[in-house]
Structures are given as structure tokens and as C-alpha cells.
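Chemist: One structure, as C-alpha cells, below. Some questions next.
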Amino acid sequence: MRLVVVNSVLTLLIGGSSTAFAQETWLGLVIAPEYRCSTYDRSDYPYSQSVERQIIAELGGRIYSPYTGAYFGSPRETDIEHMVSLSEAHDSGLCGRSAAVKRQFASDLLNLTLAAPRLNRNVKTAKDVAEWTPALNACWFVARTIEVRQKYGLTIDRAEAVAAQRVLSQCDSVEMEFVVNNSSNAQPARPPTVRNTSPPSDLDALQRWDDNGNGRITCAEARRHGIAPVPRAHPAYRYMRDGDGDGVVCE
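Quick note, the sequence shown lines up with residues 1 to 251 if you use this note's numbering.
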């Protein structure tokens, strides 16, 4: 089945970018140039190396890089990879967020995977989807970066939106593909953690974050799901009360 996101929202883009971006939003993301509102300091985005064990658990126990289909014998052979890089996120809105949100972003499994050190440090680096997509699992990768941006209310620049749309318009699935491992040393692995990787939209915001089913999303619910503070661009915002009208709820 072709992605719902391709059949609905992305059909708006087929006719050309001049009309597609008339509202300057795409999939709930504000389209805006990257802007470094404060100095980027890598130490503002700390995370523990122990998160690597959680990544491996989400991969069903496999030490696997979805970018290349490579399996590794030890976590020491891999890097923890931020799909939306820390500096990219910083320049897309996190520069103005609290220290707690920056720490949360750095350790969020939604945005983490494994990669070979050479690829992570010398090839992918801090590139965005307009500059780099993996040869394997491009659909999964692009959809995941959109979901991450939506969760944190990050902006997306026009080149990124065009590149992401180009990839997603060719996708029948955004599930991660596991290459068959024929190594005699391969160990049995649990099935990978199943996650809904279709980018969230206004239509499913209530299903995801309205815990009591009353048609509204409270700050308690937003904090429980790790999406607070909630900016205007976030799909949950329209279901929340912005008392001071500043465009951010649950600061």
C-alpha cells in the first residue's frame, strides 16, 4: 500500500513547488531558512554512550547500520548516529529551546541509529536530507527525520522539503529494511521494535497525544509524551490552549 502521506499531503506538491509551498508549511513544518539564534556548543547536547544498548534493542538485538545494511560484531565498531544532526536541529529551532529539551533531543531514540564511524564522521556528518540520503532505507530515513522535526517543532528549509518530497513520492513503505545476514557468526535476533514511521499529521495528533480522548491535548499529556513545549508548527498545537498567544504552549 502506498504511503498515506504520499497519497494525501504529498499530492499537493506534484503540481510544482510554486503552489506547493504557498502556505510556507509542509506536513505541519514551517518552511524557513536555517537560523543560528545562539552559538552552537556541542556540550549543550549531551548523551550517554549507554543509549547505544537501547538502539540495539530497538533493532531487535542486531548491531546493524540501516544506512548500508552492514552488521557489526560489537558496539565498539559503530557510532551513535543522529539522523537529524545536532547542529542541524540547533539551526532549525532548538537554539532557542531550554537546556532540558536539548538534552532530551540528544538522547531521543526516535532520532538515533547506528553507523560505521567512517560513514558517520566523513560522509553523512551534519548533512540534511537535501545534501545526503542513504543508498539503503532512504524512505525510512527521510520519514524519520520528518517525524523528529514534527516532534520538536523544528523548521525545514525549502531545499530539504523538496528533497524529502522527492524521496517519499517514490515510497511504498517507510519501514526499515534489514539486509539478510549470511555470516556464519550471525546470532539470532529478536524482531525489531515496530514503530509507526509515517510522519504524524494533524489528523492523528489526538490519537497520539490525547490520552483521555476528550478532543484536547493538555500540557500534562504533552509533557508525558515528551513533546513540550509545543510550538505553533507542531501538529498537537491546534488542540491545545495558548493562553498568552505567543505561539508556544507549555513553556
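The beta carbon of each residue, even a glycine, is placed where N, CA and C say it ideally should be.
In the DSSP assignment, find the unbroken beta strand (DSSP E) run with H254 in it and report its ends.
Modeler: Nothing about residue 254 can be read from this structure; the chain reaches only from 1 to 251.
Chemist: Report the partner residues of V248 according to the DSSP bridge assignment.
Modeler: Looking up residue 248 in the sequence shown gives position 248. Answer is P231, bridged to V248.
Chemist: Could you tell me whether the region 93-111 touches the region 207-217, where touching means 3 or more Cβ pairs closer than 8 Å?
Modeler: Segments in contact, no.
Chemist: Candidates R241, R232, D128: which alpha carbon is nearest I217's?
Modeler: Here residue 217 corresponds to residue number 217 of the sequence shown, with the count starting at 1. Out of R241, R232, D128, R241 has the C-alpha closest to the C-alpha of I217.
Chemist: Buried or exposed: where does Y266 fall if 16 or more other Cβ atoms within 10 Å of its Cβ makes it buried?
Modeler: The chain is shown from 1 up to 251; residue 266 falls before or after that span and cannot be answered.
Chemist: Please tell me whether A130 and A100 are closer than 7 Å, where the distance is taken between their beta carbons.
Modeler: Here residue 130 refers to the residue found at position 130 of the sequence shown. Here residue 100 refers to the residue found at position 100 of the sequence shown. No, the Cβ-Cβ distance between A130 and A100 is not below 7 Å.
Chemist: In the DSSP assignment, find the beta strand (DSSP E) that holds E81 and state where it starts and stops.
Modeler: Translated into the one-based positions of the sequence shown, residue 81 becomes position 81. Note, E81: beta strand (DSSP E), 79-82.
Chemist: Give every residue of the same chain whose Cβ lies closer than 6 Å to the Cβ of R158, excluding the five residues on either side of it in the sequence, and list them in chain order.
Modeler: In the sequence shown, counting from the first residue as 1, residue 158 sits at position 158. The answer, listed in chain order, is I31.
Chemist: Quick one: what does DSSP say V30 is sitting in, helix, strand or coil?
Modeler: The residue you call residue 30 lines up with position 30 of the sequence shown. Correct three-state label for V30: strand.
Chemist: At which residue ranges does the region 41-80 contain complete alpha helix (DSSP H) runs of 4 or more residues, listed in the order of the chain?
Modeler: If we require 4 residues or more, the alpha helix (DSSP H) runs fully inside the region 41-80 come out as 51-58.
Chemist: Can you tell me which of L154, V84, F178 puts its alpha carbon nearest to the alpha carbon of L109?
Modeler: The residue you call residue 109 lines up with position 109 of the sequence shown. With distances taken between Cα atoms, L109 lies closest to V84.
Chemist: Can you check whether the CB of V167 is closer than 7 Å to the CB of V142?
Modeler: Here the question's residue 142 lines up with position 142 in the sequence shown. Here the question's residue 167 lines up with position 167 in the sequence shown. Yes, these two residues count as a Cβ contact at 7 Å.
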